[in-house]
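The numbering of the sequence shown is numbering that gives the first Met the number 0, which starts it at 0 and goes up by one.
Glycine included, each C-beta is placed from N, C-alpha and C at the ideal position.
Beneath this line is the structure, given in structure tokens, with notes to follow.
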Amino acid sequence: MAQEFFLEIGTEEIPAAFLPKAMADLENLVKRELESARIAHGQVRTLATPRRLALHVNDMAGRQPDADVTATGPARKVAFDAEGKPTRAAEGFARGQGVDVNELTVVETEKGEYVAVTKRLVGRPTAEILAEILPRVVGAIPFRKSMRWGDLDVRFARPIHWIVALFDGVVVPFTFGSINSGSMSRGHRFMANAAFPVRDFSHYLDECERHFVIPDPEKRKEIIKREVEQAARAKGGRVLEDEELLEQVTFLVEYPSVVCGSFPTDFLQVPREVLITSMREHQRYFSVVDGEGKLLPHFITVNNTLAEDPAVVVKGNERVLRARLSDARFFFDEDRKTSLEDRVEDLKRVVYQARLGTSYEKMERFRELAGRLAERLCPDLKEKVLRAAYLCKADLVTGMVGEFPELQGVMGREYALFAGEDAEVAKAVHEHYLPSQAGGELPSSPVGAMVSIADKLDTICGCFGVGLIPTGTADPYALRRSALGIIAIILESGYDVSLSDLIDSSLELLRDKLSRDQAEVRSDVLEFFRGRYVNLMAGRFPSDAVEAAVAVTFDYLNDASARIAALAELKGRADYEPLAVAFKRVCNIVKEGNDFPVEEALFEEDAERELFSAYEGVGTIARRLIAEKDYLAALVEIASLRGPVDAFFDRVMVMAEDERVRNNRLALLSGISRLFGAIADFARLSA
Numbered sequence: 000m001a002q003e004f005f006l007e008i009g010t011e012e013i014p015a016a017f018l019p020k021a022m023a024d025l026e027n028l029v030k031r032e033l034e035s036a037r038i039a040h041g042q043v044r045t046l047a048t049p050r051r052l053a054l055h056v057n058d059m060a061g062r063q064p065d066a067d068v069t070a071t072g073p074a075r076k077v078a079f080d081a082e083g084k085p086t087r088a089a090e091g092f093a094r095g096q097g098v099d100v101n102e103l104t105v106v107e108t109e110k111g112e113y114v115a116v117t118k119r120l121v122g123r124p125t126a127e128i129l130a131e132i133l134p135r136v137v138g139a140i141p142f143r144k145s146m147r148w149g150d151l152d153v154r155f156a157r158p159i160h161w162i163v164a165l166f167d168g169v170v171v172p173f174t175f176g177s178i179n180s181g182s183m184s185r186g187h188r189f190m191a192n193a194a195f196p197v198r199d200f201s202h203y204l205d206e207c208e209r210h211f212v213i214p215d216p217e218k219r220k221e222i223i224k225r226e227v228e229q230a231a232r233a234k235g236g237r238v239l240e241d242e243e244l245l246e247q248v249t250f251l252v253e254y255p256s257v258v259c260g261s262f263p264t265d266f267l268q269v270p271r272e273v274l275i276t277s278m279r280e281h282q283r284y285f286s287v288v289d290g291e292g293k294l295l296p297h298f299i300t301v302n303n304t305l306a307e308d309p310a311v312v313v314k315g316n317e318r319v320l321r322a323r324l325s326d327a328r329f330f331f332d333e334d335r336k337t338s339l340e341d342r343v344e345d346l347k348r349v350v351y352q353a354r355l356g357t358s359y360e361k362m363e364r365f366r367e368l369a370g371r372l373a374e375r376l377c378p379d380l381k382e383k384v385l386r387a388a389y390l391c392k393a394d395l396v397t398g399m400v401g402e403f404p405e406l407q408g409v410m411g412r413e414y415a416l417f418a419g420e421d422a423e424v425a426k427a428v429h430e431h432y433l434p435s436q437a438g439g440e441l442p443s444s445p446v447g448a449m450v451s452i453a454d455k456l457d458t459i460c461g462c463f464g465v466g467l468i469p470t471g472t473a474d475p476y477a478l479r480r481s482a483l484g485i486i487a488i489i490l491e492s493g494y495d496v497s498l499s500d501l502i503d504s505s506l507e508l509l510r511d512k513l514s515r516d517q518a519e520v521r522s523d524v525l526e527f528f529r530g531r532y533v534n535l536m537a538g539r540f541p542s543d544a545v546e547a548a549v550a551v552t553f554d555y556l557n558d559a560s561a562r563i564a565a566l567a568e569l570k571g572r573a574d575y576e577p578l579a580v581a582f583k584r585v586c587n588i589v590k591e592g593n594d595f596p597v598e599e600a601l602f603e604e605d606a607e608r609e610l611f612s613a614y615e616g617v618g619t620i621a622r623r624l625i626a627e628k629d630y631l632a633a634l635v636e637i638a639s640l641r642g643p644v645d646a647f648f649d650r651v652m653v654m655a656e657d658e659r660v661r662n663n664r665l666a667l668l669s670g671i672s673r674l675f676g677a678i679a680d681f682a683r684l685s686a
């Protein structure tokens, strides 16, 4: 009979950032344990608030099913002597399995014959198994930081105060640290700090809400979103959309209560990003904007308690915010007393990385690299690129960025505009940090794009050059993000630029800083980019098409992407499979290729003459299409060789005894292989 299971872990306040992952980890841990224990179940659902982590499983079997389990022991030749009598190895295995040695059988495995025993395991009650599983699950939840409390030898994100564990309404008894599981939960710490009994999951949800707790984060989020939007409309505006803040606030409260306050309008003279950041980062306030997106002098905050007098709460929040905004205005006013250009010299006193020098040295390197890139791609923008690169790190030494590091680039743009810099230069000062995350917004201007590429590439090449290479778990300089950013910018902008040339230029500028062999660093950086590019493309196209195209070259990323797309289109055609088989056969035979010229006089069979004739006609057209980068049309043209290729293999012995004839046939196949080899390595394509 299917039953339900419910678990709640009650704690002191867990940081909001820990909870979404903890919910997913708890669900996965329980699913794995139930699968291992052979316990059938239905939907698994997790809930969380700052003070509790809960899990509900419906349709759970009341006991394990019986099962036949085969245990394998030593090899037959070890288990039995020459006369077929059991050895000590066999006797020991039988004893360990709790059976008589005569019950052993011999089974065939991939490694040969082994002795084995099959036992019937009688299923145990689910409640009994849960009592064993749960302490293990609770202790295995991997928080970013865990702690011990008291003199207990257990760890959790925060001290645990109660545990509810019910299967079919009955307590599953277990102990974690000093806490025994039971059926008593607790209400809101401030509004209903009392214990209440739990009968089942539905009863739990009802009782929680009666005790001012909404355990379902999705329900809390909807309440917050609805009430925040209502509060903004009441002020004649709308909420500035901020999904990350909404998620964060959802996990900061157990019972959301929304209030709206205001701040003096003279603060609106400060750049909107400064005000928004100050409200968001320090106070977790939502900003309010008008229909055109202009910031209004209001804020919305979400409290964890219902206020007896909302006006008092509003005044308290307004007082705190005024102090924050006054600080921000002070930094803004003070920073503008010194121009952005004059601050560049201060970068000489800022260490970027101990082995790679100061921020000023870094700026000089990527400024030169950005200038070379502009010379190659947009010569008329070179001066703006050089100017933007010169100024783009200067805001790091301003008071505002010192207080709000997340405003780097934003303040540089504002201070550049205040100083009368060209608007495109000021925009690039901000945009050179983009994208700030995988899949994030890209620079919208070519000036910002080129400075961004140069800055990120200097970071990657510099770190690789001194041995600061990302590992599977650590990437402190965000090199993967930087590489993906460069790739995304090049693809989005359509830049026809050699990645290896850029890396060579960057390493040349870093030559006095490198502690590793430059050629080795170049190879490692290229392979690093290759891995990021392949992973990115494999999410859009068949992986074998990606590998086949990249195996030829990926140096020009847009060219590689065009070849991948053409291969993917070809793979979608009905006649692709026989075509792939034919061309892979060509690849397998020629392997290293043959550079001999094809001599028609050495042809002995009509099939090789027909193939050569078709190859010459197709080759002329295909090479033109490849030069024009019309790769799909080139592949379709090359695909027309399939018939002559099949006929050639059916009627011609490639490895003829006559060496000249053999080499001539290999030369013909090598020419065909090189033809499609300019687009992809067909040997890597699946049929």
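Indicate the three-state DSSP secondary structure (helix, strand or coil) for G461 in the structure shown.
In the structure shown, G461 sits in a helix (DSSP, three-state: H, G or I).
Mind checking M449: buried by the 16 CB within 10 Å criterion, or exposed?
Buried, since its Cβ has 16 or more Cβ neighbours within 10 Å.
From L151 to A47, what does the alpha carbon distance come to, in whole angstroms?
In a straight line, the C-alpha of L151 is about 24 Å away from that of A47.
Between which two residues does the alpha helix (DSSP H) holding Q229 run?
216-233 is the extent of the alpha helix (DSSP H) around Q229.
Could you check whether E11 and H160 sit closer than 8 Å to each other, using their CB atoms as the reference points?
Yes, they are a contact pair.
At which residue ranges does the region 414-491 contain complete beta strand (DSSP E) runs of 3 or more residues, listed in the order of the chain?
Taking only runs of at least 3 residues, no beta strand (DSSP E) segment lies wholly in the region 414-491.
Would you be able to state if there are at least three C-beta pairs under 8 Å between the region 401-412 and the region 360-367?
The region 360-367, when compared against the region 401-412, does not touch it at the 8 Å Cβ threshold.
Sorted by chain position, which residues of the same chain lie with C-beta nearer than 6 Å to G122's C-beta, five sequence neighbours on each side aside?
Taken in chain order, the residues that qualify are R62, Q63, P64, D65.
Which of the three DSSP states is assigned to E240 in this structure?
If DSSP states are grouped into helix, strand and coil, E240 belongs with coil.
Report the rounded CA-to-CA distance for A211 versus A191, giving the unit in angstroms.
Before going on, a small fix: residue 211 reads as Phe here, not Ala. C-alpha separation (whole angstroms): 7 Å.
Using C-beta distances below 8 Å, list every residue in its chain close to D457, excluding the 5 sequence neighbours before and after it, in chain order.
For D457, where only same-chain residues beyond five positions count, the Cβ hits under 8 Å are K361, R364, F365, L368, S505, L508, L509.
Could you spell out where the alpha helix (DSSP H) holding P73 opens and where it closes?
Segment 66-74 is the beta strand (DSSP E) holding P73; no alpha helix (DSSP H) there.
Where DSSP assigns a beta bridge to H690, which residues make up the other side?
The structure shown has nothing for residue 690, since the chain only spans 0 to 686.
Among E246, I486, I275, which residue has its Cα nearest to the Cα of E217?
For the residues E246, I486, I275, the minimum Cα distance to E217 belongs to E246.
Is there contact between the region 424-432 and the region 386-396, where contact requires at least three CB pairs shorter than 8 Å?
Touching, yes, given that three or more Cβ pairs across the two stretches are closer than 8 Å.
Can you give the Cα-Cα distance for D99 and A70, rounded to whole angstroms?
Roughly 14 Å separates the two Cα atoms.
Can you tell me whether V258 is helix, strand or coil according to DSSP?
Strand, per DSSP.
Going by alpha carbons, who is nearest to E3 out of E526, R209, Q42?
For the residues E526, R209, Q42, the minimum Cα distance to E3 belongs to Q42.
Buried or exposed, going by whether 16 or more other CB atoms sit within 10 Å of the CB of A638?
Result: buried.
What's the C-alpha gap between L684 and G292?
When rounded, the distance between both Cα atoms is 50 Å.
I believe I459 touches S481 by the beta-carbon criterion, under 8 Å. Please report the beta-carbon distance rounded to the nearest angstrom.
About 6 Å; that satisfies the 8 Å criterion.
For the structure I just gave you, are there three or more beta carbon pairs, one from the region 600-609 and one from the region 660-675, closer than 8 Å?
Contact between the region 600-609 and the region 660-675 is present, because at least three Cβ pairs lie under 8 Å.
Could I get the ranges of all uninterrupted alpha helix (DSSP H) runs contained in the region 551-578, with 4 residues as the minimum, in chain order?
Here the runs fully enclosed are 556-570.
For Q282, tell me which candidate among V248, I222, D554 has the shortest Cα-Cα distance.
Comparing Cα-Cα distances from Q282 to each of V248, I222, D554, the minimum goes to V248.
Express the C-alpha separation of P73 and E102 in angstroms, rounding to a whole number.
E102 and P73: Cα-Cα distance of roughly 15 Å.
Quick check on the burial criterion: 16 or more other C-beta atoms within 10 angstroms. Buried or exposed for F189?
It counts as exposed.
Could you give the distance in angstroms between the alpha-carbon of T108 and the alpha-carbon of R31?
For T108 and R31, the distance between alpha carbons rounds to 27 Å.
Between which two residues does the beta strand (DSSP E) holding N302 run?
Where N302 is concerned, the enclosing beta strand (DSSP E) stretches over 294-302.
Let me confirm a value: R225 is counted as buried when at least 16 other C-beta atoms fall within 10 Å, else exposed. Which label applies?
Under this definition R225 is an exposed residue.
To the nearest angstrom, how far is it from the Cα of E420 to the Cα of I213?
Approximately 52 Å, taken between the alpha carbons.
Would you list the residues sitting across from T10 in a DSSP beta bridge?
I159.
Secondary structure at N179, three-state DSSP: helix, strand or coil?
It is a strand residue.
Quick check: the Cα distance between R348 and V29, rounded to an integer number of angstroms?
The straight-line gap from Cα to Cα measures roughly 53 Å.
Given a cut-off of 8 Å, decide if V258 and P309 are closer than it, judged by their beta-carbon atoms.
Closer than 8 Å, so yes.
Can you find the residues in the same chain that come closer than 7 Å, C-beta to C-beta, to R659, ignoring five residues on each side of it along the sequence?
Cβ within range, chain order: L601.
With DSSP as the reference, please indicate the residues paired to M146 in a beta bridge.
M146 is bridged to F155.
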